[in-house]
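Below: one structure, written as structure tokens.
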Amino acid sequence: MPSATLPSVLAGLDPVPLDEIFALNRAFATDPASQKVSLGVGVYRTDDGKPWPLPVVEKAEKQLLDEGSLFRHEYSAIEGDVAFVEQARNLMFGFDRKTESPKEKEAKKRIASVQTVAGTGANHLGALFLKTHMKPKNVWLSNPSWANHLTIWEVAGVSYKTYPYYNAATRSLDFDGMMSALENEGQEGDIVLLHACAHNPTGLDPTKEQWKAIAELCERKKLFPFFDSAYQGFATGSVEDDAWAVRYFFENKPSMEMCVAQSFSKNFGLYGQRVGAFHYVLNVESTGLQEAVFSNLCNLIRGEFSMGPVGGSTIVKKVLTDDNLTSEWHDNLKTMSSRIISMRKALYDELTRLGTPGTWEHIVQQNGMFSYTGLTPGQVQSLKEKYHVYMLKSGRISISGLSKKNVTYVAQAIDDTVRNVS
Ligand code: LMR
72 MPSATLPSVL AGLDPVPLDE IFALNRAFAT DPASQKVSLG VGVYRTDDGK PWPLPVVEKA
132 EKQLLDEGSL FRHEYSAIEG DVAFVEQARN LMFGFDRKTE SPKEKEAKKR IASVQTVAGT
192 GANHLGALFL KTHMKPKNVW LSNPSWANHL TIWEVAGVSY KTYPYYNAAT RSLDFDGMMS
252 ALENEGQEGD IVLLHACAHN PTGLDPTKEQ WKAIAELCER KKLFPFFDSA YQGFATGSVE
312 DDAWAVRYFF ENKPSMEMCV AQSFSKNFGL YGQRVGAFHY VLNVESTGLQ EAVFSNLCNL
372 IRGEFSMGPV GGSTIVKKVL TDDNLTSEWH DNLKTMSSRI ISMRKALYDE LTRLGTPGTW
432 EHIVQQNGMF SYTGLTPGQV QSLKEKYHVY MLKSGRISIS GLSKKNVTYV AQAIDDTVRN
492 VS
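In case it helps, the numbering used here puts the sequence shown at residues 72 to 493.
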């Protein structure tokens, strides 16, 4: 007699909603309409709407293939490819690749760096590390933030609060709201998640003066900054400008500790390769802990995924250790950032020409991959159904999905929608 089937140990498990960004991507892929436009997921596209393997990446790939290293598929160290991790750190904190001043030598003792599974992996590793060893009460996320930040901190088991970030009426940064929430409600030891540049989803970044005030507040209230740097070089075309905030905190607040999650997905166009790094910055008095932080990070990595993947990080290392390739990479960054800036202007010009109700200056004022348009969820839905123009419910658009060919169509679709749908 077969025994009676028992209910699953998972009986009662509820499905969770699909990730909006990737669900939208799939809906777009299966939409047969020829005029469809994807303004959803944040990926770079050419003016023909195609992915753009960076020319410098293709050159590095070819060189690597020609070199035919027998070690190319071997295990790396648990902390990742050591030479890659060094370059990632140098890029983030502005250290010279070839020379090392005594000041830089000292500064490096404050940082424990490891390779991660891209930016998400870096955020996750940092969250897990802090949860385990610092035991924070709360993490403060901007409202709004990249939705995955919520998931990452939830998975790590740290409860989150949100600080105001966006003023819907003026479509600008709510700096006063942010500062007063952190000032009045932030508690010693709380983590504050900050987007290093090109805030996702609003495209609104603090000015340098505002960054200085945020640093001063964090220092005074003993809040713990956690930077997510996903767009270095991609936002403005300058790796220095896009790292300004991180470097300001690092250089000017030596008594503070902080974390930096670093992604190479956008700035190298290596989305599926999962290239990233995590840096824990110790305060200047605590450099003796560098080895302890590093070995504990390695312990978490070993237990989760053993080590980061080497395919993409080898390409990044190749580019960042060769002056000619590095300079070509900087040119590629300018190509991407200037196309995005020109598409912001093209959309703004079209909406202005059409006299679309509302103000649209924010589209040209925002920075990086995204614009927070101010379109309502009803308008977003209608744009998808009537015009096959895909964007997030929040009204976030990935500017990179615009091109000379489709910008008139998109502007007309927005114009018609804004006039007819509330
Ligand atoms: C986005 O926000 O669209 C990108 O960063 C892709 C992602 O992983 O969500």
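From the three backbone atoms N, C-alpha and C, an ideal C-beta is built for every residue, glycine too.
- Excluding its 5 nearest sequence neighbours in each direction, glycine 165 has C-beta neighbours in its own chain below 6 Å: Arg318, listed in chain order.
- With 6 Å as the limit, the residues whose C-beta approaches a heavy atom of ligand 1 more closely than that are Ile92, Val112, Gly113, Trp217, Asn219 and Asn271, in chain order.
- DSSP assignment within the segment 266 to 326 yields the following whole alpha helix (DSSP H) runs of 4 residues or more, N-terminal first: 279 to 292 and 315 to 323.
- For serine 147 and valine 153, the gap between their C-alpha atoms comes out near 8 Å.
- For the 8 Å CB-CB criterion, serine 474 and methionine 440 do not form a contact.
- Under the three-pair Cβ rule at 8 Å, the segment 174 to 192 counts as touching the segment 330 to 340.
- For the 8 Å CB-CB criterion, methionine 250 and cysteine 289 do not form a contact.
- Inside the segment 177 to 210, DSSP marks whole beta strand (DSSP E) runs of 3 or more residues at positions 182 to 188, from first to last along the chain.
- Serine 409 is classed as exposed because its beta carbon has fewer than 16 other beta carbons within 10 Å across all chains shown.
- Taking every protein chain shown into account, the CB of methionine 407 has 16 or more other CB atoms within 10 angstroms, so this residue is buried.
- Judged by beta-carbon spacing, leucine 244 lies within the 8 Å limit of proline 277, meaning their Cβ atoms are closer than that value.
- When secondary structure is reduced to three states using DSSP, methionine 329 falls in the strand class.
- When the beta-carbon positions are compared, proline 428 and valine 489 come within less than 8 Å of each other.
- For isoleucine 468, no alpha helix (DSSP H) run applies; the uninterrupted beta strand (DSSP E) run containing it begins and ends at 467 to 469, by DSSP.
- Serine 377 sits exposed, since fewer than 16 C-beta atoms from the chains shown fall within 10 Å of its C-beta.
- For leucine 125, the closest of Phe339, Tyr458 and Asn354 by C-alpha to C-alpha distance is Phe339.
- For the 8 Å CB-CB criterion, tyrosine 234 and threonine 273 do not form a contact.
- With respect to arginine 181, leucine 422 sits apart: the two C-beta atoms are not nearer than 8 Å.
- Bridge partners of serine 398 according to DSSP: none are assigned.
- Rounded to whole angstroms, the gap between the alpha carbons of serine 465 and lysine 279 is 27 Å.
- One Cα belongs to proline 325, the other to arginine 143, and the distance between them is close to 39 Å.
- Runs of beta strand (DSSP E) with 3 or more residues, each lying fully within the segment 344 to 425, are found at 346 to 352, listed in chain order.
- Contact annotation: valine 263 and proline 296 have beta-carbon atoms nearer than 8 Å.
- Beta-bridge partners assigned by DSSP to phenylalanine 441: Ser469.
- Around the beta carbon of serine 453, a 10 Å sphere encloses 16 or more other beta carbons of the protein chains shown; the residue is thus reported as buried.
- Counted as a single uninterrupted DSSP element, the stretch harbouring threonine 76 is not any alpha helix (DSSP H), since DSSP gives it neither H nor E.
- A distance below 6 Å between beta-carbons, with the five flanking residues on each side excluded, links tryptophan 217 to the following residues of its chain, in chain order: Asn271.
- Nearest Cα to phenylalanine 305 within the set Ala267, Lys130, Glu225 and Gly257: Ala267.
- For serine 384 and isoleucine 485, the gap between their C-alpha atoms comes out near 40 Å.
- Shown here, tyrosine 458 sits in a helix according to DSSP, grouped into three states.
- Residue state for tyrosine 231 is assigned as strand, using DSSP reduced to three classes.
- With fewer than 16 other Cβ atoms from the protein chains shown falling within 10 Å of its own Cβ, threonine 430 counts as exposed.
- In the DSSP assignment, glycine 248 falls within the alpha helix (DSSP H) that extends over 246 to 256.
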